[in-house]
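**Student:** Below is a structure I'd like to ask you about.
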Amino acid sequence: MNERYEALFASNRDILEGARVLDLASHDGRYSFAALKTGAAHVTGVEVRQSLIDRAQEAFAFYGQDPATYRFVCGDMFEVLAREKFDVDVVLCFGFLYHTYRHTELMYRLHNLAPRHLIVDTMVTRETRRTLKVIRERDVEDIRSAAQDAWAVRQVLVLRPSVPALRMLLRSYGFEIESMYDWKGRLNGRPPVPGVDGYAKGTRVSLRCRSREPAITPGWERVATLPTAVGPRPHKGGRKPSPTPPPAQSAGEWRERVNKMLAKATGYELRRASTKR
Ligand SMILES: C[S@@+](CC[C@H](N)C(=O)[O-])C[C@H]1O[C@@H](n2cnc3c(N)ncnc32)[C@H](O)[C@@H]1O
9 MNERYEALFA SNRDILEGAR VLDLASHDGR YSFAALKTGA AHVTGVEVRQ
59 SLIDRAQEAF AFYGQDPATY RFVCGDMFEV LAREKFDVDV VLCFGFLYHT
109 YRHTELMYRL HNLAPRHLIV DTMVTRETRR TLKVIRERDV EDIRSAAQDA
159 WAVRQVLVLR PSVPALRMLL RSYGFEIESM YDWKGRLNGR PPVPGVDGYA
209 KGTRVSLRCR SREPAITPGW ERVATLPTAV GPRPHKGGRK PSPTPPPAQS
259 AGEWRERVNK MLAKATGYEL RRASTKR
């Protein structure tokens with residue numbers, strides 16, 4: 009725990025001091041507490057198991073933590089994030105991205121929350137390609153496991169990402185990996201430290217990400233302006249341009265083609281920008 013504190017909190021003090029923090033899958037509140045002790049102004053923990061929230065509340069009271077500085081929400085984070093808007097600077101997503109198959113849904117919600125930073129700590133596969141490995145979580149009684157959702161039949165299937173898949177996932181929702189904690193450097197030459205061997209082997213990583221772009225304001229869609237003209241590309245050697253250039257496309261046709269590609273890749277479509285005030 010102390011090793012993880014150093015990697016996940018002490019080394020991120022600059023972004024945690026004074027921050028409003030959302031701790032996803034907050035478990036017994038250990039990392040929510042750590043965030044406050046690192047200088048966060050407020051933390052909201054979201055956890056699906058009430059018994060763990062009770063433990064967190066007890067521990068916070070035991071340590072005399074000011075109740076105005078924290079809040080725990082019990083519920084499936086997908087439902088909680090869909091119904092509640094959190095005004096936060098930093099999101100912690102520790103120990104969860106290998107307990108779900110709903111990565112895009114989660115990233116979509118986080119994108120809309122628009123935190124300045126997102127800190128991710130997760131198990132990964134060592135694949136060098138962008139892959140998600142299907143894993144069956146059988147023991148639903150294990151308090152560290154995935155919550156059963158409406159589509160689970162006893163066991164829950166989850167997808168464990170590789171680092172390249174994780175990078176693509178984060179990028180696709182506007183998060184850029186700023187740094188990956190140097191666990192190997194930290195653990196190198198030391199006797200094995202219990203609980204952190206995954207980091208040493210490269211099957212677990214800690215990433216600090218920053219938001220690359222402002223989120224879409226709820227209720228608004230992205231609106232892109234249309235280019236004024238679409239002409240043939242300049243010829244740069246190689247294949248010669250066709251002697252009869254294709255007929256110029258109208259803005260409507262152009263928009264339709266681009267929309268098809270955009271909708272496939274992002275789910276958004278272009279709209280003609282309004283000039284009305
Ligand atoms: C491996 S633990 C990680 C706990 C803590 N964040 C950490 O890094 O030590 C996974 C936690 O996710 C919680 N959890 C699983 N599915 C969840 C969901 N859909 N919504 C909220 N919490 C969930 C579990 O109850 C458990 O506390």
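With the numbering used here as the guide, the letters of the sequence shown map in order to residues 9 to 285. Glycine is no exception: its CB is placed at the ideal position from the N, C-alpha and C atoms.
When every heavy atom of ligand 1 is checked, does at least one fall within less than 8 angstroms of the C-beta of residue 104?
**Tutor:** Position 96 of the sequence shown, counted from the first residue, corresponds to residue 104. Checking every heavy atom of ligand 1 against the Cβ of residue 104, one is found closer than 8 angstroms.
**Student:** Mind reading off the beta-carbon distance from residue 46 to residue 70? Whole number of angstroms is fine, and I expect it under 8 angstroms.
**Tutor:** Residue mapping note: residue 46 aligns to position 38 of the sequence shown, counting from 1. Residue mapping note: residue 70 aligns to position 62 of the sequence shown, counting from 1. Beta-carbon to beta-carbon, residue 46 and residue 70 are separated by about 19 angstroms, too far to satisfy the 8 angstroms threshold.
**Student:** Relative to the C-alpha of residue 125, which residue among 12, 205, 156 and 219 is closest?
**Tutor:** Taking the sequence shown and counting its residues from 1, the one referred to as residue 125 is at position 117. Nearest option by C-alpha distance: 219.
**Student:** Below 8 angstroms, how does it come out for the region 94 to 111 and the region 150 to 170: are there three or more Cβ pairs, yes or no?
**Tutor:** yes
**Student:** Let's test the definition: count the other Cβ atoms within 10 Å of the Cβ of residue 20 and tell me whether it reaches 16, buried, or not, exposed.
**Tutor:** Position 12 of the sequence shown, counted from the start, is the residue given in the question as residue 20. That one is buried.
**Student:** Along the chain, where does the beta strand (DSSP E) containing residue 28 start, and where does it finish?
**Tutor:** Within the sequence shown, numbered from 1, the residue matching residue 28 stands at position 20. That run of the beta strand (DSSP E) goes 28 to 32.
**Student:** So, at 7 angstroms on beta carbons, what are the nonlocal neighbours of residue 55 in its own chain, with the 5 sequence-adjacent residues on each side left out?
**Tutor:** Working through the sequence shown from its first residue, we reach residue 55 at position 47. Closer than 7 angstroms at the Cβ level, and outside the excluded window around residue 55, lie 33, 34, 35, 61, 80 and 82.
**Student:** How would you call residue 40, buried or exposed, if buried means at least 16 neighbouring beta carbons within 10 angstroms?
**Tutor:** For the purposes of this step, residue 40 is identified with residue 32 of the sequence shown, where counting begins at 1. Residue 40 comes out buried.
**Student:** Smallest Cα separation from residue 12: which of 37, 115, 122 and 42?
**Tutor:** As a working mapping, residue 12 is identified with position 4 in the sequence shown. The candidate whose alpha carbon is nearest that of residue 12 is 42.
**Student:** Looking only at DSSP bridge pairs, what is residue 163 linked to?
**Tutor:** Here residue 163 refers to the residue found at position 155 when the sequence shown is read from its first residue. Note: residue 163 sits in a beta bridge opposite 161.
**Student:** In whole angstroms, give me the CA-to-CA distance for residue 48 and residue 27.
**Tutor:** Residue mapping note: residue 48 aligns to position 40 of the sequence shown, counting from 1. Residue mapping note: residue 27 aligns to position 19 of the sequence shown, counting from 1. If I take the Cα positions, the gap works out to 5 angstroms.
**Student:** State yes or no: is the C-beta of residue 111 within less than 9 angstroms of the C-beta of residue 89?
**Tutor:** For the purposes of this step, residue 111 is taken as residue 103 along the sequence shown, with counting starting at 1. For the purposes of this step, residue 89 is taken as residue 81 along the sequence shown, with counting starting at 1. The answer is no: Cβ separation not under 9 angstroms.
**Student:** How about residue 42: is its Cβ closer than 8 angstroms to a heavy atom in ligand 1?
**Tutor:** Residue 42 sits at position 34 when you count from the first residue of the sequence shown. Every heavy atom of ligand 1 is 8 angstroms or more from the Cβ of residue 42, so no.
**Student:** Among 184, 29, 265 and 9, which has the Cα closest to the Cα of residue 38?
**Tutor:** Stepping through the sequence shown from its first residue, residue 38 is reached at position 30. For residue 38, the nearest C-alpha among the options comes from 9.
**Student:** Would the C-beta of residue 151 count as close to ligand 1, meaning under 8 angstroms from any of its heavy atoms?
**Tutor:** In the sequence shown, the residue the question calls residue 151 occupies position 143. Under cutoff, so the answer is yes.
**Student:** Taking the beta strand (DSSP E) that residue 129 falls in, what are its first and last residues?
**Tutor:** One-based indexing of the sequence shown puts residue 129 at position 121. Unbroken beta strand (DSSP E) run through residue 129: 125 to 131.
**Student:** For residue 207, write down the residues that DSSP places opposite it in a beta bridge.
**Tutor:** On the sequence shown, position 199 is the one that residue 207 refers to. When beta bridges are read from the DSSP output, residue 207 appears opposite no residue.
**Student:** Who are the Cβ neighbours of residue 63 in its own chain at under 8 angstroms, not counting the five residues just before and after it?
**Tutor:** Within the sequence shown, the letter at position 55 stands for residue 63. 36 and 37, listed in sequence order.
**Student:** Could you check what DSSP says for residue 180 in three-state terms: helix, strand or coil?
**Tutor:** By 1-based counting over the sequence shown, the position of residue 180 is 172. Here DSSP, grouped into helix, strand and coil, assigns residue 180 to helix.
**Student:** DSSP three-state call for residue 265: helix, strand or coil?
**Tutor:** Start at 1 with the first residue of the sequence shown, and residue 265 comes out as number 257. Three-state result, residue 265: helix.
**Student:** Nearest to residue 98 by CA position, among 73, 113, 52 and 68, is which residue?
**Tutor:** The residue given as residue 98 occupies position 90 in the sequence shown. Closest by alpha carbon: 52.
**Student:** Within the same chain, show all residues whose beta-carbon is closer than 7 angstroms to that of residue 68, passing over the 5 residues directly before and after it, in chain order.
**Tutor:** Residue mapping note: residue 68 aligns to position 60 of the sequence shown, counting from 1. 37, 41 and 78.
**Student:** State the DSSP-derived secondary structure class of residue 61, mapped to helix, strand or coil.
**Tutor:** Walking along the sequence shown from the start, residue 61 turns up at place 53. Residue 61: helix per DSSP, three-state reduction.
**Student:** How many angstroms separate the CA atom of residue 157 from the CA atom of residue 87?
**Tutor:** Along the sequence shown, read from residue 1 onward, the residue named residue 157 stands at position 149. Along the sequence shown, read from residue 1 onward, the residue named residue 87 stands at position 79. Answer to the nearest angstrom: the Cα atoms are 11 angstroms apart.
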